[in-house]
Structures are given as structure tokens and as C-alpha cells.
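Rendered as C-alpha cells:
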């Protein structure tokens, strides 16, 4: 099983150890593209601060993120599972998983990133600020930039099992499963049952709980239909829609009564 996650907007501070080594990150086929984005981002943030803030879509209160990005090449790195914070990652609670579940997380979780493309939770990265929707000078929209390198690398990373897609729309632009891989991909929404609407906070929290439940249970569904059964067995209310034709992903709605 490969689980596709969005990053968090806010991130924990960088570590005090050695800086990132892009060539040491998982998915080495993305190394060249990572170096390109890193170089563009550092150059942008080392120049005109106001321009960088505008390009990155940062408020006045987040002005310090520009300087942080300018120092990415020398900032200390720490595991991505510690860098990403926020509602989804709080609910997932990687640090409190038992050893077996942590090993499953290291193998199966893939976090999408405007800067790194995608990383595993054990990859060491610095704290940064660069969303997938950013348009960097010289590169354009990052979602479009990442499509070609992702298309080369992600099908192999997906292996032969289930792909559980929990990404937000902006990060889904970087890679769209196609062909045989799409047929074993399940895209999940979380809906407030009484209103049938997506509400951001509990959408993220529930997705984190879903991943934690699967990791703790040791469940290893091979495809979307098995995932529906596994989630129902774990106590989730799931509505599933099989694709109208082969080579398309499944759509799953997880219904939640309470907003928390």
C-alpha cells in the first residue's frame, strides 16, 4: 500500500544536524528536479524580500519564512515525519505509533511537496515554505513542473498494491495515477454526514485517523474494494463508487457525524 499525503502548511523548526542532501532522499529519480526547485527558491528568497513574499503568497506575519527559505542549503535537517505538523499529522501521531506501525509508515507514506516533489517520512529535510500552487520565476507553477518527473518515478513507487490518495487538490496536480495504477487507486473525501459537505478541520483530522488505524491494524488491502472492507471493519462509515470504466480511480466518501 502506498499512501499519498499532502504536507502541512506550518512546519516544525529545522533541526541542528547536518543540512539536507538531496541525493540521499527517497525516490532518487527526483533528485535533479529537487535541485532545480531548491536553487530557484533560495535565489528568490535571497533577493528582494517583498517580491519573494508576494510570489510565495505570505502574509506580513510570515515575513520570516523568506529568510528561512534563503538559508535552506545550510539549515539543519530532520525526518520529514517530524517536520510536518498540523491537524492531519497530529491525528496521525507518528511518534506514538508502536514499532511495527512505524515501520509500515516508513514504507507506505509518501508526502507531496512543492519543494521536494515527494518524500518519505524518514527522509531528512529542513523546514521550508513553498506550496505546490506557487509559481516560481523561471519554473512557473510547481504543480505543472513536477508532472513529468513524477510520471517517471511514481508508477514504480506505487508497486503492485493499493494507492490510497489523501492529497488536497493542489498537490494532486503534480501526479495523476493513470492506466493500471489508477485502477487500484482510491481517492478519499471526508464528509460531514448531516450536511454532506467537506469541512477542512475534521477532513484533515479524519484522514490522519484513517491512516493511523490502517497502520496500527496491520491491514494491507490490495485494492480499493478491499480498502472499503478494511475501513468498515475499523469502524468507519464508507460509501464507495467504483469507476465507470477500467483505468480510473475509485471514489470513497468517509462520513463523519461530529465535527472534532
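Residue numbers (our numbering): 345 to 604.
Note that the Cβ used here is the ideal one computed from N, Cα and C, for glycine as well.
Residue state for residue 527 is assigned as helix, using DSSP reduced to three classes. Per DSSP, residue 501 is one residue of the alpha helix (DSSP H) stretching across 486-502. Secondary structure within the region 509-574: the alpha helix (DSSP H) runs of 4 or more consecutive residues, fully enclosed, are 513-516, 523-527 and 544-561 (chain order).
The bridge partners DSSP lists for residue 422 are 469. For residue 441 against residue 449, the beta-carbon gap comes to about 6 Å, under 8 Å, which counts as contact. Between the region 383-391 and the region 477-489, the count of C-beta pairs closer than 8 Å reaches three or more; the two stretches touch. In the DSSP secondary-structure assignment, residue 598 is bridged to 534 and 582. According to the DSSP assignment, residue 455 belongs to no alpha helix (DSSP H) but to the beta strand (DSSP E) extending over 453-457. Residue 416 and residue 458 have their C-alpha atoms roughly 14 Å apart.
By the CB criterion at 7 Å, residue 599 and residue 537 fall inside the cutoff. Exclusion of the five residues before and after residue 584 leaves 572 and 596 as the residues of its chain whose Cβ lies within less than 6 Å of its Cβ. When C-alpha distances from residue 587 are compared across 413, 601, 567 and 534, the shortest belongs to 567.
Nearest to residue 349 by C-alpha distance, out of 379, 555, 380 and 439, is 555. Across the structure, residue 508 and residue 518 are spaced so that their CA atoms are roughly 16 Å apart. Setting aside the 5 residues that flank it on each side, residue 376 is surrounded in the same chain by 493, each with a C-beta closer than 8 Å to its C-beta; the list follows chain order. Between the alpha carbons of residue 346 and residue 454 lies a distance of about 7 Å.
Non-local beta-carbon contacts of residue 467 in its own chain, meaning distances under 6 Å to residues more than five positions away in sequence, involve 369, 370 and 424 in chain order.
Counted as a single uninterrupted DSSP element, the beta strand (DSSP E) harbouring residue 463 occupies residues 461-464.
Nearest C-alpha to residue 360 among 382, 367, 427 and 407: 427. For the region 357-408, the full-length alpha helix (DSSP H) segments reaching 4 residues or more read 375-389 and 393-400 along the chain. For residue 349, the enclosing beta strand (DSSP E) has its first and last residue at 346-349. Rounded to the nearest angstrom, the Cβ distance from residue 590 to residue 527 is 6 Å, consistent with a contact under 8 Å. Within its own chain, no residue has a Cβ closer than 6 Å to the Cβ of residue 401 once the five positions on either side in sequence are excluded. Judged by DSSP secondary structure, residue 434 falls within the alpha helix (DSSP H) whose first and last residues are 431-436. Note on residue 409: 16 or more other CB atoms within 10 angstroms of its CB, so buried under the neighbour-count rule. C-alpha of residue 378 to C-alpha of residue 363: approximately 15 Å in a straight line.
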